[in-house]
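S.K.: Mapping to this note's numbering: the sequence shown position 261 is 261, numbers consecutive. Even for Gly, the Cβ is constructed at its ideal location relative to N, Cα and C. Just passing along the structure, written as structure tokens.
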Amino acid sequence: MPEAPAPGLPLRIETFQSRSPPSRSRWDLQPLWSCHQADGSLGPALDDPWGARHRPDWAARRLVIWPRGGQWRQLTLDLACPQDWRQLQAPAPVAQARLVLRWWADQVELRVNGQPVHAGDLFDTACRWLLPESWWQGEVLQLELRLRSPRHDDGALIESRLELEPLDPADPAALLAETKAELAQMRAGQPLAGSFHVLGHAHLDLAWLWPVADTWQAAERTFASALDLIERFEHLHFGHSTPALYAWLEQNRPALFTRLQQAVAAGHFEPINGPWVETDCVLISGASLLRQFQLGQHDSAARFPGLEHPLAWLPDSFGFAAGLPAVAHSTGVRWFCTHKLFWNATNPFPHRLFRWRSRCGSEVLALMTAPIGTDGDPVAMERYRLAWEGASGVDQALWLPGVGDHGGGPTAEMLEQLQLWQQQPEAAPQCHGSLRAYLAALEPLAPRLPVWRDELYLELHRGCATSRPDQKRHNRTLERLLREGDLAQALAGASGALVEAEPADWRPLLFQQFHDILPGTSIPEVFEQAEPQWRAARRNACRQRDRALHTWLGGGSDWWVAQLQPLPARARTLRMPPGAWNHGGSGLPAQAAWAGGQWLQLPALAGVGALPLERRAAPAAAVEAPVWVEGWRCGNGLVSFALGPGGLEQLWDGAGQPQLAGPLAWRRYADRGEFWDAWDIAANYRDHPLAWAWQGEPIWLEQGPLCTSFLWRGRCGASAVRLEGRLLANTPWLELVLSVDWRQRHELLRLEVPLAQPAQRWAADTSGGVLERPAQAVTPREQARWEVPAISWLASVAAGGEGLAVLLDGPQGVSASPEQLGISLLRAPTWPDPGADNGFQRLRLALLPCSSGWSPAQVPQQAVDFREPLWLRPVVAQGRPGRRQAFPPLGEGLLLLGCRPSGECGTLVLTVQNCSPARRRVELGSAWQLVERLDGLDQPLLRAQATGGDPWLLMPWSLGFWRIRPA
Numbered sequence: 001m002p003e004a005p006a007p008g009l010p011l012r013i014e015t016f017q018s019r020s021p022p023s024r025s026r027w028d029l030q031p032l033w034s035c036h037q038a039d040g041s042l043g044p045a046l047d048d049p050w051g052a053r054h055r056p057d058w059a060a061r062r063l064v065i066w067p068r069g070g071q072w073r074q075l076t077l078d079l080a081c082p083q084d085w086r087q088l089q090a091p092a093p094v095a096q097a098r099l100v101l102r103w104w105a106d107q108v109e110l111r112v113n114g115q116p117v118h119a120g121d122l123f124d125t126a127c128r129w130l131l132p133e134s135w136w137q138g139e140v141l142q143l144e145l146r147l148r149s150p151r152h153d154d155g156a157l158i159e160s161r162l163e164l165e166p167l168d169p170a171d172p173a174a175l176l177a178e179t180k181a182e183l184a185q186m187r188a189g190q191p192l193a194g195s196f197h198v199l200g201h202a203h204l205d206l207a208w209l210w211p212v213a214d215t216w217q218a219a220e221r222t223f224a225s226a227l228d229l230i231e232r233f234e235h236l237h238f239g240h241s242t243p244a245l246y247a248w249l250e251q252n253r254p255a256l257f258t259r260l261q262q263a264v265a266a267g268h269f270e271p272i273n274g275p276w277v278e279t280d281c282v283l284i285s286g287a288s289l290l291r292q293f294q295l296g297q298h299d300s301a302a303r304f305p306g307l308e309h310p311l312a313w314l315p316d317s318f319g320f321a322a323g324l325p326a327v328a329h330s331t332g333v334r335w336f337c338t339h340k341l342f343w344n345a346t347n348p349f350p351h352r353l354f355r356w357r358s359r360c361g362s363e364v365l366a367l368m369t370a371p372i373g374t375d376g377d378p379v380a381m382e383r384y385r386l387a388w389e390g391a392s393g394v395d396q397a398l399w400l401p402g403v404g405d406h407g408g409g410p411t412a413e414m415l416e417q418l419q420l421w422q423q424q425p426e427a428a429p430q431c432h433g434s435l436r437a438y439l440a441a442l443e444p445l446a447p448r449l450p451v452w453r454d455e456l457y458l459e460l461h462r463g464c465a466t467s468r469p470d471q472k473r474h475n476r477t478l479e480r481l482l483r484e485g486d487l488a489q490a491l492a493g494a495s496g497a498l499v500e501a502e503p504a505d506w507r508p509l510l511f512q513q514f515h516d517i518l519p520g521t522s523i524p525e526v527f528e529q530a531e532p533q534w535r536a537a538r539r540n541a542c543r544q545r546d547r548a549l550h551t552w553l554g555g556g557s558d559w560w561v562a563q564l565q566p567l568p569a570r571a572r573t574l575r576m577p578p579g580a581w582n583h584g585g586s587g588l589p590a591q592a593a594w595a596g597g598q599w600l601q602l603p604a605l606a607g608v609g610a611l612p613l614e615r616r617a618a619p620a621a622a623v624e625a626p627v628w629v630e631g632w633r634c635g636n637g638l639v640s641f642a643l644g645p646g647g648l649e650q651l652w653d654g655a656g657q658p659q660l661a662g663p664l665a666w667r668r669y670a671d672r673g674e675f676w677d678a679w680d681i682a683a684n685y686r687d688h689p690l691a692w693a694w695q696g697e698p699i700w701l702e703q704g705p706l707c708t709s710f711l712w713r714g715r716c717g718a719s720a721v722r723l724e725g726r727l728l729a730n731t732p733w734l735e736l737v738l739s740v741d742w743r744q745r746h747e748l749l750r751l752e753v754p755l756a757q758p759a760q761r762w763a764a765d766t767s768g769g770v771l772e773r774p775a776q777a778v779t780p781r782e783q784a785r786w787e788v789p790a791i792s793w794l795a796s797v798a799a800g801g802e803g804l805a806v807l808l809d810g811p812q813g814v815s816a817s818p819e820q821l822g823i824s825l826l827r828a829p830t831w832p833d834p835g836a837d838n839g840f841q842r843l844r845l846a847l848l849p850c851s852s853g854w855s856p857a858q859v860p861q862q863a864v865d866f867r868e869p870l871w872l873r874p875v876v877a878q879g880r881p882g883r884r885q886a887f888p889p890l891g892e893g894l895l896l897l898g899c900r901p902s903g904e905c906g907t908l909v910l911t912v913q914n915c916s917p918a919r920r921r922v923e924l925g926s927a928w929q930l931v932e933r934l935d936g937l938d939q940p941l942l943r944a945q946a947t948g949g950d951p952w953l954l955m956p957w958s959l960g961f962w963r964i965r966p967a
């Protein structure tokens, strides 16, 4: 994405700045361009009244402006060499002239005397075209500049000027004197003491305003261009991220990849990888985030074995979860690099170089990099260097020249400009080299660096957790299927059965987690092309899981039901086909379901295990914690609720403690006016409420001991709304399902939960960990976090420790205050996808009272229970099997992130996270034997590295990895 705003500039103009004063070595061309005026006449482009009327801020900066929406603007200029400049060619030439242009347009064509000489777009936003020798000799050049405005913003020619450069670096004609004086002025009389470490770079989004197919072509062009320039400019070093791109290149362009490997071996081309793609880091599960780093690190080590890969390059992701340092550190990453926090709209991020520490104590060194998509402008470079040195105390600044976003990388023009200023003593010296060398020089500074113990929250783009809910739904479903497939293969292999050798393929999921795909911030073609890939990946993952589970179970009954998470024992109620069902000769309690089939209460499943079911009648067992209904009240002994004219008017915990200060508030707001439409929720949305009309009162759909549900219909503008509430036997939460035929534009749909017990703090899960925040925002930084992404739950914490949790089928954007919890359900942006979010949407959530607090109530485990269904399939009968038990419940605070075959016969790799503030011990019982404790890359840890010498002990909030085998 384009560069961030300079401090103090409004966000609508963050993409450019203008500087073009006239001088003897520069000629400002902005006033000289002509275009057709409204009356059809030809006149000065700057005199067009449209810009002054609609964009006065741009007009005040002398920008040529025209309306948005893909409209073309054609500018013309007859350019003759000034008479006094011709003296620079006699008796021998001492100067050359460049046409310097910078624009904000999605397509640009520059023609000279009718011939095309340069093209650009929203990402390649500048040129320094060298004027021909004939111009110096008197030829008048006819310049024609055609620019097309972006769809989402007005277009602008930001600057246009001629700039003279000396042919002799000694600059005998003092053509660089003005720029040198500007450099000296910036240093305020202080001597030049710093330098630059220069690395060519090309930021390449895998998808955004173009489909993925274009990305492969852009990658090929970018890498070929960089390799050609490396041969031409022997000092050039080039770095690029994304193992997924290198994998594609090796498979599809082997000759180019061979050239690339040779440049890597020569030390001029540097893979700067980390995760498999430049992933979103706040919307994916901890298991996915770990897999991003594991696959990225394994692939990088295999593809480039001569290099260490200790860094994560994520310059453009929309914020970074607090658990990322622990995940990255576990996979050998020591450095984290980003630029995105310079985009903060409210509070500038206070550090450029720091240590970023997770709650468990794991940390990485963090670098706020130079801007991406820069060039060789000496003034911009010096401005950045001074800011870097003032903030970090380090006198050498990293500089990353190269066209970005859609690839491109450095150009010959950039490198020639850098080369010219490298030879000027008034400019800071340059050293071209690798990112690894630059970071290695910074590592000794680690002991004195500041420590950041929090998420890296981006104070912008708060709508990404809510836009395009279909992508989030695909993501969470495939995350679950892949994790279950890994587990099923591991269990089948540990049982001694022969299983298919091909492991579950996580790459399609990890690719779609790219930071402009999963957040829903790309053009519609990206999502249209992703849809069949999501479906194919789901089918493959489901097929692999089912085959492995059939192998593990070995058949033996009409049906098997399996729980694939190590959860506490609970008799669960679910809907099944009609007929008689029993387990072990005992019939299962049943209730006809109004939507078809029947509700059954299964025997309790504890941990990861399975039990057989038979389709024959038997005396039914008693219902555990049955549902009762009294008028408009309903409960099951664990939770109860009351309906009324206002919908769900009260919720009580098992002890009868009320949870709500008033009815659930379903809200609708106008959400309009933000520059980054799909990315941003309007900060003032609460000032623009809209009507939400419910039709009468809720009605009961069904009433019974296993399930009682209600229905409430309504409308939001042109959108029909259907709310179904459901309470199941022996279930501690009330489930709510909102179905919407969403037809709105630029609106925000929210649920706001008024709290009977005012919150002092609140908590939510995030990628790789748990967030805890004060409910009353006090500091400016806390106040800026008015919308936060949550993966699967959030919970209030009152003064006495009690609270209310909301379980999500998310991720979702959430908010909290002492009075309420809020969940953003749907949006309706129109750029870059005009139909984003529209269509049928189904959103699930649940309300869970937590009388003892979110951790003792095991809210993380309850969220898993809510989100992940049991596995239920018919299996070919082979005898009379009993239960299968793999793992016991892990206990309070412990979540299973993954279990997969380790590659050695019968052994598994187990990954567990402690999501609690207390030390926990993993207890697997006598069925399993520890082989060794591992790091995140399956490398053995020394026994001394295990906590307190106990290999099964997990410190608060930490990750653990073990290789185990059946005892």
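For W72, count neighbouring Cβ atoms within 10 angstroms of its own Cβ and tell me buried if that reaches 16, exposed if not.
M.R.: Exposed: under 16 other Cβ atoms inside 10 Å.
S.K.: Taking the alpha carbon of D765 as the point to measure from, which residue in A846, A397, P860, M576 has its own alpha carbon closest?
M.R.: Measuring from the Cα of D765, the nearest candidate turns out to be P860.
S.K.: Residues bridged to C915 by DSSP?
M.R.: Beta-bridge pairing links C915 to no other residue.
S.K.: D377: buried (16+ other C-beta within 10 angstroms of its C-beta) or exposed?
M.R.: It is buried - the Cβ of D377 has at least 16 other Cβ atoms within 10 Å.
S.K.: Consult DSSP for P940 and reduce its assignment to one of helix, strand or coil.
M.R.: P940 falls in the strand class under three-state DSSP.
S.K.: Can you check DSSP and say which residues form a bridge with G644?
M.R.: Looking at the DSSP assignment, G644 forms a beta bridge with G647.
S.K.: Could you check whether L954 and L894 sit closer than 9 Å to each other, using their CB atoms as the reference points?
M.R.: It is a contact, given that the beta carbons lie within the stated cut-off.
S.K.: Report yes if the CB atom of Q820 is closer than 9 Å to the CB atom of A661, and no otherwise.
M.R.: Yes. Within cutoff.
S.K.: Can you tell me whether P811 is buried or exposed? The criterion is at least 16 other CB atoms within 10 Å of its CB, across all chains shown.
M.R.: Its Cβ being crowded by 16 or more others within 10 Å, P811 is buried.
S.K.: So, for R253: in the same chain, excluding its five sequence neighbours on each side, which residues have a beta-carbon less than 7 Å away from its beta-carbon?
M.R.: E220, listed in sequence order.
S.K.: Whose CA, out of R468, V737, G903, lies closest to the CA of R842?
M.R.: Measuring from the Cα of R842, the nearest candidate turns out to be V737.
S.K.: May I ask you to report which of helix, strand or coil DSSP gives C431?
M.R.: Residue state, collapsed to three classes: strand.
S.K.: Does any heavy atom of the ligand NAP sit closer than 8 Å to the C-beta of P378?
M.R.: As presented, the structure is devoid of all ligands, the ligand NAP included, so that no description of it is given.
S.K.: Using DSSP with H/G/I as helix, E/B as strand and the rest coil, what is A95?
M.R.: Looking at A95 - three-state DSSP - the assignment turns out to be strand.
S.K.: Measuring CA to CA, which of L353, A678, Q913 is closest to I523?
M.R.: When each option's Cα is compared against that of I523, the closest is A678.
S.K.: When the Cα atoms are used, what is the spatial distance from R383 to M186?
M.R.: The straight-line gap from Cα to Cα measures roughly 7 Å.
S.K.: According to DSSP, is F318 helix, strand or coil?
M.R.: DSSP places F318 in coil when its eight states are reduced to three.
S.K.: For Y669, which three-state DSSP category applies?
M.R.: Three-state result, Y669: strand.
S.K.: Quick check for students: name the residue ranges of the beta strand (DSSP E) that lie wholly in the stretch 398 to 443, counting only runs of 3 or more.
M.R.: Taking only runs of at least 3 residues, the beta strand (DSSP E) segments lying wholly in the stretch 398 to 443 are 430 to 432.
S.K.: In the DSSP assignment, find the alpha helix (DSSP H) that holds M576 and state where it starts and stops.
M.R.: No alpha helix (DSSP H) holds M576; the beta strand (DSSP E) holding it covers 573 to 576.
S.K.: Go through its chain and collect everything with a Cβ distance to P22's Cβ below 6 Å, but skip five positions before and after it.
M.R.: Note that P22 scores a pLDDT of 44, beneath 50, so its modelled location is shaky and nothing firm can be said.
S.K.: Evaluate T779 with the Cβ neighbour count: other Cβ atoms within 10 Å of its Cβ, from every protein chain shown; 16 or more gives buried, anything less gives exposed.
M.R.: Per the 10 Å Cβ criterion, exposed.
S.K.: Among R357, L400, G463, which residue has its Cα nearest to the Cα of P450?
M.R.: Ranking the options by Cα distance to P450, first place goes to R357.
S.K.: Could you name the residues of the same chain whose beta carbon sits closer than 6 Å to that of A468, not counting the 5 residues immediately before and after it, in chain order?
M.R.: With the sequence shown as reference, residue 468 is identified as Arg, and Ala is not the correct amino acid for it. Cβ neighbours of R468 beyond the five flanking positions: G520, A836.
S.K.: What are the uninterrupted segments assigned as beta strand (DSSP E) that are 3 or more residues long and contained completely in the stretch 229 to 285, given in chain order?
M.R.: Segments of the beta strand (DSSP E) lying fully in the stretch 229 to 285: 238 to 240, 269 to 271.
S.K.: Taking the beta carbon of E747 as the centre, do at least 16 other beta carbons fall within 10 Å, making it buried, or is it exposed?
M.R.: Per the 10 Å Cβ criterion, buried.
S.K.: Going by Cα to Cα distance, which pick from P832, L46, K180 is closest to V526?
M.R.: V526 has its Cα closest to that of P832, out of P832, L46, K180.
S.K.: Going by alpha carbons, who is nearest to E363 out of P371, F354, G70?
M.R.: Closest option to E363, Cα to Cα, is F354.
S.K.: In the structure shown, what three-state DSSP assignment does P116 receive?
M.R.: Residue state, collapsed to three classes: strand.
S.K.: Leaving out five residues on either side along the sequence, give the residues of the same chain with a beta carbon under 8 Å from the beta carbon of A265.
M.R.: Taken in chain order, the residues that qualify are G306.
S.K.: Could you have a look at R873 and say whether DSSP puts it in helix, strand or coil?
M.R.: Note: R873 maps to strand in three-state DSSP.
S.K.: Taking buried to mean at least 16 other C-beta atoms within 10 Å of its own C-beta, is I699 buried or exposed?
M.R.: Under this definition I699 is an exposed residue.
S.K.: For the candidate residues T338, F511, R151, whose alpha-carbon lies nearest to that of D316?
M.R.: Of the candidates T338, F511, R151, the one whose C-alpha sits nearest the C-alpha of D316 is T338.
S.K.: Can we say the stretch 585 to 600 touches the stretch 901 to 921, given the rule of at least three CB pairs closer than 8 Å?
M.R.: In short, these stretches do not touch, since the Cβ pair count stays below three.
S.K.: Could you tell me how far apart the beta carbons of G607 and P566 are, in whole angstroms, since I believe they sit closer than 8 Å?
M.R.: Right, their Cβ atoms sit about 4 Å apart.
S.K.: Using C-beta distances below 7 Å, list every residue in its chain close to C850, excluding the 5 sequence neighbours before and after it, in chain order.
M.R.: Excluding residues within five positions, the ones whose Cβ falls inside 7 Å are A795, E802, G803, L804, A805, A857, V859.
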